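The structure appears below as structure tokens.
Number of protein chains: 2
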Amino acid sequence: MDIKIVDVARLANVSPTTVSRVLNNNPIVKPKTRDAVLKVIEELKYVPHAAAKNLRQQKTMTIGVIVSDIKVSYNTDIVKGIQTKAYAQKYKVVICDTQNDLDIEREYLRLLMDRSVDGIILVASLLPEQEIVDLAERGFAVGIIGRRIDRANVLNVHTDNVSAAKEAVEHLIGQGHRDIVFLSGYANAKDSYDRLEGYIKALGMHSIPFRPELVENGNFNETGGYEAFARLKEKGLTFSAVFSANDEMALGVYEYCNEKKIGIPGEVAIVGVDNDRVSKYLTPSLSTIDQPKYDMGFLLAEKLIRSMNGEAEVPRVSVLNSRLIVRQSSTTYSR
Amino acid sequence: MDIKIVDVARLANVSPTTVSRVLNNNPIVKPKTRDAVLKVIEELKYVPHAAAKNLRQQKTMTIGVIVSDIKVSYNTDIVKGIQTKAYAQKYKVVICDTQNDLDIEREYLRLLMDRSVDGIILVASLLPEQEIVDLAERGFAVGIIGRRIDRANVLNVHTDNVSAAKEAVEHLIGQGHRDIVFLSGYANAKDSYDRLEGYIKALGMHSIPFRPELVENGNFNETGGYEAFARLKEKGLTFSAVFSANDEMALGVYEYCNEKKIGIPGEVAIVGVDNDRVSKYLTPSLSTIDQPKYDMGFLLAEKLIRSMNGEAEVPRVSVLNSRLIVRQSSTTYSR
DNA sequence: AAAGGTATTGAAAACGATTTCAGCTTCTGA
DNA sequence: TCAGAAGCTGAAATCGTTTTCAATACCTTT
Chain E
2 MDIKIVDVAR LANVSPTTVS RVLNNNPIVK PKTRDAVLKV IEELKYVPHA AAKNLRQQKT
62 MTIGVIVSDI KVSYNTDIVK GIQTKAYAQK YKVVICDTQN DLDIEREYLR LLMDRSVDGI
122 ILVASLLPEQ EIVDLAERGF AVGIIGRRID RANVLNVHTD NVSAAKEAVE HLIGQGHRDI
182 VFLSGYANAK DSYDRLEGYI KALGMHSIPF RPELVENGNF NETGGYEAFA RLKEKGLTFS
242 AVFSANDEMA LGVYEYCNEK KIGIPGEVAI VGVDNDRVSK YLTPSLSTID QPKYDMGFLL
302 AEKLIRSMNG EAEVPRVSVL NSRLIVRQSS TTYSR
Chain B
2 MDIKIVDVAR LANVSPTTVS RVLNNNPIVK PKTRDAVLKV IEELKYVPHA AAKNLRQQKT
62 MTIGVIVSDI KVSYNTDIVK GIQTKAYAQK YKVVICDTQN DLDIEREYLR LLMDRSVDGI
122 ILVASLLPEQ EIVDLAERGF AVGIIGRRID RANVLNVHTD NVSAAKEAVE HLIGQGHRDI
182 VFLSGYANAK DSYDRLEGYI KALGMHSIPF RPELVENGNF NETGGYEAFA RLKEKGLTFS
242 AVFSANDEMA LGVYEYCNEK KIGIPGEVAI VGVDNDRVSK YLTPSLSTID QPKYDMGFLL
302 AEKLIRSMNG EAEVPRVSVL NSRLIVRQSS TTYSR
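As they're listed, the protein sequences go chains E and B. For this note's numbering, add 1 to where a residue sits in the first sequence, where the first one is 1. For this note's numbering, add 1 to where a residue sits in the second sequence, where the first one is 1.
Right, dumping it as structure tokens:
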């Protein structure tokens with residue numbers, strides 16, 4: 002503690018400059034001096050002061066990640082991918098958890114703008130597109146995962162929500178269902194909107210009329226899903242399947258069905274989105290759309306790092322494929 | 002981007018000193034000047050440079066958290082508690098994920114010793130006690146959660162693993178079980194050892210002889226649990242219940258039982274530890290020991306911040322209570 | 001042995017904020 | 001009207017590195 006480069010220099014009979022060179026593996030220093038310096042560093046347990054280094058070099062080698070909720074496996078899978086890539090390139094990672102609160106998200110963004118990070122990644126962001134674009138236009142390295150943004154220098158990795166939703170709904174139709182509920186998330190979320198579009202497309206492909214009363218908002222969380230499903234049931238609507246815009250809301254549906262002794266998939270078949278960690282442990286196991294979350298994180302981190310390093314031709318947006326995982330909750334011959 | 006305090010100063014016709022004072026809410030500046038400066042700051046969208054500030058102040062207002070795996074809800078629950086306290090006190094939080102690898106953990110520790118954080122919190126650490134003590138003795142603010150360490154200035158919050166395990170096993174005994182398997186984690190983990198001790202104590206209290214062959218190591222993860230349980234079964238041992246040192250290994254047991262059509266809790270009753278997010282969604286739901294994870298994180302963060310602020314009398318170690326949650330996996334009258 | 005390179009090293013400036021200390025105003029009271 | 005205090009502001013030092021540029025040491029060649 003409190004040992005500085007000059008202390009090392011003095012003890013090793015060299016200048017701070019030389020110590021700095023040793024620290025940064027500058028091959029110009031004579032092997033003999035290098036060894037002497039290293040020995041002193043070891044002896045004193047000297048560790049360079051990050052702030053001084055950052056100030057001089059005008060970079061921090063860290064990436065800031067803003068996620069909606071660190072407890073959601075969709076987010077942590079992505080974060081894992083980011084971390085793996087980042088660490089491999091000697092970057093550190095700061096994680097900020099906004100608790101799905103837009104104001105908190107804005108606040109973190111402000112915090113990160115003090116150059117304590119070299120670049121920012123948004124995961125499941127609630128921020129209006131324009132604010133993200135502004136950020137990029139002010140010269141910050143910014144990337145966003147999950148949501149499609151193709152403007153300014155905003156880096157982006159996402160999956161095709163429309164066709165994924167379409168695939169899920171067509172799967173349900175293939176199982177003989179025609180009255181299919183769509184449980185949407187926040188009304189303003191682009192994800193929700195795209196999944197709705199896919200839902201409608203799938204119905205269209207099979208000439209099933211779209212019934213707006215079968216679309217209900219569950220706010221992307223478990224209780225929201227429970228309540229949305231309850232509303233549908235209490236309205237006395239008839240339907241035999243549910244496509245839920247994420248797995249968490251599906252959990253709410255499970256709970257409701259459990260209470261009211263409604264059989265899954267017998268009376269209601271269900272397909273979710275996200276392949277949450279719990280979904281395969283449910284009984285019946287939950288069919289869901291799996292996004293390559295880890296890969297998405299890894300890929301965006303790569304883009305970001307390359308772009309921070311000044312590489313000119315970094316492809317700005319990439320689309321990865323998601324896939325439908327069919328489990329018990331949507332297949333008639335249960336187990 | 003690239004706007005410095007002098008730019009603001011120039012435009013506001015004041016010195017950098019005054020701008021700095023405004024930034025730091027120093028009440029000494031005249032309201033009129035303050036407003037003028039604030040206006041320029043707003044106009045220029047000036048954000049102070051973190052590294053410069055950190056360097057001068059010799060602190061960063063951030064806490065480093067090293068966790069074993071960001072995907073484990075035990076860890077994220079704790080992290081949530083830490084974050085809540087930290088953010089309330091204007092601290093940022095850096096999370097490092099070691100993937101349960103001791104070498105990676107050491108590497109992160111080295112990274113964080115560059116004063117890029119003001120204090121360090123270890124969650125589910127694999128580090129030998131002595132190394133943690135060394136850290137504290139070198140003057141760093143360090144805290145550890147989950148594992149009892151009562152030396153040097155190491156801050157600590159943990160629960161009583163021995164009595165928690167004892168409670169779980171006594172619950173099983175109360176359900177009529179006498180041949181109870183103990184699934185342990187890493188052999189060297191203090192947690193495992195304490196839980197084993199509680200297991201043995203519980204047996205002792207009820208005059209049930211301890212059979213070492215009923216203790217098997219599952220490395221704290223799902224496949225480890227599966228394999229450990231398989232080994233026990235293949236040895237042809239007889240037992241009617243399992244106490245698993247964490248929920249993840251219990252998942253492995255569920256899987257094995259599912260494959261081999263072994264009824265839970267009819268043929269094997271199970272109790273785990275951690276109250277993992279999935280445990281309540283399992284069929285049958287998993288009985289488990291719940292630790293007040295959020296509170297543990299919150300409390301340790303509080304200790305750490307107080308100690309970093311130079312408060313002398315911060316109680317160094319706290320013990321919180323865990324509680325047994327009885328669900329279906331350990332009760333004979335299933336459902 | 002001198003000239004000209006090349007290798008190796010160090011002195012000092014720079015990064016962008018905060019903080020110390022001194023100085024200038026302005027006010028108060030006699 | 002003036003001394004002294006209080007209020008407000010700014011010049012310059014400082015934090016601990018890296019980087020630039022110049023200087024020195026050491027070779028090689030002739």
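Quick reminder that beta carbons are idealized off the backbone N, C-alpha and C, glycines included. The structure presented is a predicted model; accordingly, all values stated were derived computationally and were not measured.
- E/Gly147 is positioned such that its CB atom lies closer than 7 Å to that of E/His159.
- E/Leu24 and E/Thr34 have their alpha carbons spaced roughly 12 Å apart.
- Within the same chain, and ignoring the five residues on either side of B/Leu103 in sequence, the residues whose Cβ sits closer than 8 Å to its Cβ are Leu127 and Leu128.
- Put simply, the CB of E/Arg116 is near chain B, with a gap under 7 Å to one of its CB atoms.
- By the Cβ rule, the segment 231-240 of chain E counts as touching the segment 179-187 of chain E, because three or more pairs are nearer than 8 Å.
- Bounds of the beta strand (DSSP E) holding B/Ile326 are Arg324 to Ile326.
- Taking 7 Å as the cut-off between beta carbons, the residues of the segment 268-286 of chain E near chain B are Arg278, Val279, Tyr282, Leu283 and Thr284, in sequence order.
- Around B/Val20, the same chain offers Ile6, Val9, Ala10 and Val38 as residues with beta carbons nearer than 6 Å, after the five sequence neighbours per side are excluded.
- In the assembly as shown, B/Val320 is an exposed residue. Its beta-carbon has fewer than 16 other beta-carbons within 10 Å.
- For B/Ala87, the enclosing alpha helix (DSSP H) covers residues Ser74 to Ala89.
- Contact note: E/Leu112 reaches chain B through Lys93, using a C-beta cutoff of 8 Å and chain order.
- For E/Leu156, the pairing in a beta bridge is given by DSSP as E/Gly144.
- Scanning its chain for C-beta atoms nearer than 7 Å, with the 5 sequence neighbours on each side dropped, one finds no residue around B/Leu56.
- Shown here for B/Met62: same chain residues with a beta carbon closer than 7 Å to its own, the five before and five after excluded, namely Lys91, Tyr92, Lys93 and Asp119 in chain order.
- Around the beta carbon of E/Thr77, a 10 Å sphere encloses 16 or more other beta carbons of the protein chains shown; the residue is thus reported as buried.
- Under the 7 Å criterion on CB atoms, B/Asn55 is classed as interfacial with respect to chain E.
- Secondary structure within the segment 199-272 of chain B: the alpha helix (DSSP H) runs of 4 or more consecutive residues, fully enclosed, are 223-235 and 248-260 (chain order).
- Residue pairing by DSSP places B/Thr34 in no beta bridge whatsoever.
- For B/Ala190, not one C-beta of chain E is nearer than 7 Å to its own C-beta.
- Looking at the backbone, the Cα of E/Lys81 and that of E/Phe211 are separated by about 39 Å.
- By the Cβ neighbour-count rule, E/Met206 is exposed, with fewer than 16 other Cβ atoms within 10 Å of its own.
- At a cut-off of 7 Å between beta carbons, B/Ala52 contacts chain E.
- About 38 Å separates the CB atoms of B/Met250 and E/Val48; that is not less than 8 Å, and the two are not in contact.
- Using a CB distance cut-off of 7 Å, B/Ile96 counts as an interface residue toward chain E.
- Taking every protein chain shown into account, the CB of E/Pro285 has 16 or more other CB atoms within 10 angstroms, so this residue is buried.
- Chain B places no beta carbon closer than 7 Å to that of E/Ile42, leaving this residue out of the contacts.
- Within the model, the alpha-carbon separation for E/Ala51 versus E/Ser16 is close to 20 Å.
- Contact annotation: the segment 322-332 of chain E touches the segment 276-291 of chain E, with at least three C-beta pairs closer than 8 Å.
- Within 8 Å of the CB of E/Lys81, the CB atoms of chain B belong to Ile71, Lys72 and Asp98, in sequence order along the chain.
- Of the other Cβ atoms in all chains shown, 16 or more fall within 10 Å of the Cβ of B/Gln84; this residue is therefore buried.
- With a cutoff of 7 Å on beta-carbon distance, E/Tyr227 and E/Glu260 are scored as not near each other.
- For B/Thr19, the three-state secondary structure derived from DSSP is helix.
- Bounds of any beta strand (DSSP E) do not take in B/Lys304; it lies within the alpha helix (DSSP H) bounded by Lys294 to Met309.
- Interface flag for E/Val30 against chain B is unset, since no Cβ pair is found closer than 7 Å.
- Against chain E, the CB of B/Thr224 has no partner CB under 7 Å away; the residue lies outside that interface.
- Residue range Val318 to Leu321 is occupied by the beta strand (DSSP E) that includes E/Leu321.
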